[in-house]
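Right, one structure below, let's go through it.
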Amino acid sequence: MKIGVIGLGQMGRGLVLSLLRAGHDVTVYNRTAAKAGELLKKGAVSAPRISDACSGDVVMTILANDAAVESVVYSADGLLASLPKGRVHISSSTISVALSERLAADHAKAGQRFVAAPVFGRPDVAAAGDLSVIVGGDHDATQAAAPVFDAIGKKTFVISDKPKAANLVKLSGNFLIASVIESLGEAVALVAKDGVDRQAYVDMLTSTLFDAPVYKTYGKLIVEGKFEPAGFAAPLGYKDIRLVLAAGDDLHVPMPVASVLRDRFLTLLAHGGDKLDWSAVGALASRDSGTS
Numbered sequence: 086m087k088i089g090v091i092g093l094g095q096m097g098r099g100l101v102l103s104l105l106r107a108g109h110d111v112t113v114y115n116r117t118a119a120k121a122g123e124l125l126k127k128g129a130v131s132a133p134r135i136s137d138a139c140s141g142d143v144v145m146t147i148l149a150n151d152a153a154v155e156s157v158v159y160s161a162d163g164l165l166a167s168l169p170k171g172r173v174h175i176s177s178s179t180i181s182v183a184l185s186e187r188l189a190a191d192h193a194k195a196g197q198r199f200v201a202a203p204v205f206g207r208p209d210v211a212a213a214g215d216l217s218v219i220v221g222g223d224h225d226a227t228q229a230a231a232p233v234f235d236a237i238g239k240k241t242f243v244i245s246d247k248p249k250a251a252n253l254v255k256l257s258g259n260f261l262i263a264s265v266i267e268s269l270g271e272a273v274a275l276v277a278k279d280g281v282d283r284q285a286y287v288d289m290l291t292s293t294l295f296d297a298p299v300y301k302t303y304g305k306l307i308v309e310g311k312f313e314p315a316g317f318a319a320p321l322g323y324k325d326i327r328l329v330l331a332a333g334d335d336l337h338v339p340m341p342v343a344s345v346l347r348d349r350f351l352t353l354l355a356h357g358g359d360k361l362d363w364s365a366v367g368a369l370a371s372r373d374s375g376t377s
């Protein structure tokens with residue numbers, strides 16, 4: 086397929102590598118063009134303008150937040166103005182449910198198709214093509230985009246014919262991951278305060294009660310304190326929890342744990358954690374208990 090990819094952060098670069106490895110023709114656009122250097126050496130083509138990334142079969146966006154997606158879609162040179170009728174915009178960004186709903190409506194009015202396809206997995210997983218892809222969109226559009234999902238992910242989960250449902254599922258998953266990070270950090274601080282070896286404790290947990298990748302990945306990061314360079318930066322985690330709370334407000338679903346997590350992320354950012362991985366939230370309990 087001929088695929089445009091807009092957004093070359095850590096996840097975007099990983100997606101492009103997987104698409105190239107699968108044999109697709111990939112054109113890339115990023116506001117900071119220098120980020121494309123490595124990818125151009127591997128076969129990607131640089132697009133000087135957003136519109137130049139919109140002439141293929143599909144265009145993917147993998148951007149940091151609602152504002153970044155809006156700027157790419159709604160600008161004079163953006164996707165709504167440039168994507169040919171019938172072509173597909175795949176949004177793999179973690180965005181609000183409200184924006185996803187708006188994008189679906191506006192693309193439909195323009196005769197274009199919109200598929201939400203946020204992903205679960207950190208940058209190394211993206212580069213390996215092993216992401217879990219959460220898909221929402223009408224059947225024809227998701228079928229047209231299937232080769233993209235096959236290239237970037239180990240499994241695709243088609244959640245709904247409504248794109249916004251995929252974004253809601255993605256936000257719910259990030260809420261659960263953040264809950265694991267916070268609760269695991271508190272548990273580690275508790276046992277460490279009484280002299281239990283942190284690494285031995287996490288090894289025990291992840292080989293018995295919690296033998297799952299999320300506990301293994303974040304348990305290791307919390308114990309080792311390896312929060313830089315960030316695989317997923319703390320401000321993005323804070324953004325996602327705020328989006329979870331907004332979705333809860335709209336659906337009249339109380340989420341008291343999410344409210345606690347919002348405050349924990351805000352605490353991390355208030356103490357200069359902007360450059361840290363979001364797993365640094367799991368170190369707050371040790372700091373607060375005097376065991377860090």
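Numbers in our numbering are just positions in the sequence shown, counted from 1, shifted up by 85.
Quick reminder that beta carbons are idealized off the backbone N, C-alpha and C, glycines included.
Flag this pair as touching only if the stretch 122-136 and the stretch 95-104 have three or more C-beta atom pairs under 8 Å; answer yes or no. Judged by Cβ distances under 8 Å, the stretch 122-136 makes contact with the stretch 95-104, as three or more pairs qualify.
Would you call the stretch 353-371 and the stretch 316-325 in contact, with 3 or more CB pairs under 8 Å? Yes, since at least three Cβ pairs between the stretch 353-371 and the stretch 316-325 fall closer than 8 Å, the two stretches touch.
Do Asp-246 and the ligand COA come close, with the Cβ less than 8 Å from some heavy atom? Within the structure as shown, the ligand COA is missing, as the structure has no ligands at all.
Going by beta-carbon coordinates alone, are Asp-335 and Ala-183 separated by less than 9 Å? As a position in the sequence shown, residue 335 is number 250, starting the count at 1. As a position in the sequence shown, residue 183 is number 98, starting the count at 1. It is a contact, given that the beta carbons lie within the stated cut-off.
Suppose only complete runs of 4+ residues qualify. What are the alpha helix (DSSP H) ranges in the stretch 146-225, listed by chain order? Considered as a whole, the stretch 146-225 harbours 151-159, 164-167, 182-194 and 208-213 as its complete alpha helix (DSSP H) runs of no fewer than 4 residues, in chain order.
What distance in whole Å lies between the Cβ atoms of Ile-180 and Val-143, which are believed to be in contact at a cut-off of 8 Å? On the sequence shown, residue 143 is found 58 positions in, with the first residue counted as 1. On the sequence shown, residue 180 is found 95 positions in, with the first residue counted as 1. About 18 Å separates the two Cβ atoms, so there is no contact after all.
Can you list, in chain order, the residues of its chain whose CB lies under 8 Å from that of Ser-178, leaving out five sequence neighbours each side? If you number the sequence shown from 1, residue 178 lands on position 93. Counting only Cβ-Cβ distances below 8 Å, and skipping sequence neighbours, we find Gly-92, Thr-146, Ile-147, Leu-148, Ala-149, Asn-150, Ala-153, Val-154 and Pro-203.
Identify the residues that DSSP records as bridge partners of Ala-318: which are they? Stepping through the sequence shown from its first residue, residue 318 is reached at position 233. Per DSSP, Asp-362.
List the whole-angstrom C-beta distance separating Ala-236 from His-109, where the pair is believed to meet the contact cut-off of C-beta under 8 Å. Residue numbering aside, residue 236 sits at position 151 when the sequence shown is read from its first letter. Residue numbering aside, residue 109 sits at position 24 when the sequence shown is read from its first letter. Yes, Ala-236 and His-109 are in contact; Cβ-Cβ is about 6 Å, under 8 Å.
Return the chain-ordered list of same chain residues with a C-beta closer than 6 Å to the C-beta of Gly-221, the five sequence neighbours on each side being excluded. As a position in the sequence shown, residue 221 is number 136, starting the count at 1. Correct list, in chain order: Ala-201, Ile-244, Ser-245, Lys-247, Pro-248, Ala-250 and Ala-251.
Which same chain residues end up closer than 8 Å to Leu-306 when comparing Cβ atoms and leaving out the 5 residues on each side of it in sequence? As a first step, residue 306 is located in the sequence shown; it is residue number 221 there, counting from the start. Closer than 8 Å at Cβ, skipping near neighbours: Phe-312, Asp-362, Ser-364 and Gly-367.
Just to confirm, are Asp-139 and Leu-105 a CB contact at a threshold of 9 Å? Mapped onto the sequence shown, residue 139 falls at position 54. Mapped onto the sequence shown, residue 105 falls at position 20. Reading off the sequence, residue 139 comes out as Cys, not Asp. Taking 9 Å as the cut-off, the beta carbon of Cys-139 is found no closer than this to the beta carbon of Leu-105.
In this structure, does DSSP put Thr-117 in helix, strand or coil? Counted from its first residue, the sequence shown places residue 117 at position 32. Annotated three-state conformation of Thr-117 is coil, per DSSP.
Contained alpha helix (DSSP H) runs [length at least 4] in the stretch 272-315, N- to C-terminal order: If only uninterrupted alpha helix (DSSP H) runs of at least 4 residues are considered, those enclosed by the stretch 272-315 are 283-292 and 298-309.
What residue does the alpha helix (DSSP H) around Ser-103 start on, and which one ends it? As a first step, residue 103 must be located in the sequence shown, where it is residue number 18. For Ser-103, the enclosing alpha helix (DSSP H) begins and ends at 95-106.
Length of the line joining the Cα atoms of Gly-375 and Ala-277: What you label residue 375 is simply residue 290 of the sequence shown in a count that begins at 1. What you label residue 277 is simply residue 192 of the sequence shown in a count that begins at 1. Straight-line measurement puts the Cα of Ala-277 at about 10 Å from the Cα of Gly-375.
So which of Val-173, Arg-372 and Ala-272 has the shortest CA-CA distance to Pro-232? As a first step, residue 232 must be located in the sequence shown, where it is residue number 147. The option with the nearest alpha carbon to Pro-232 is Val-173.
DSSP three-state label for Asp-246, please. As a working note, residue 246 is residue 161 in the sequence shown. Asp-246 falls in the coil class under three-state DSSP.
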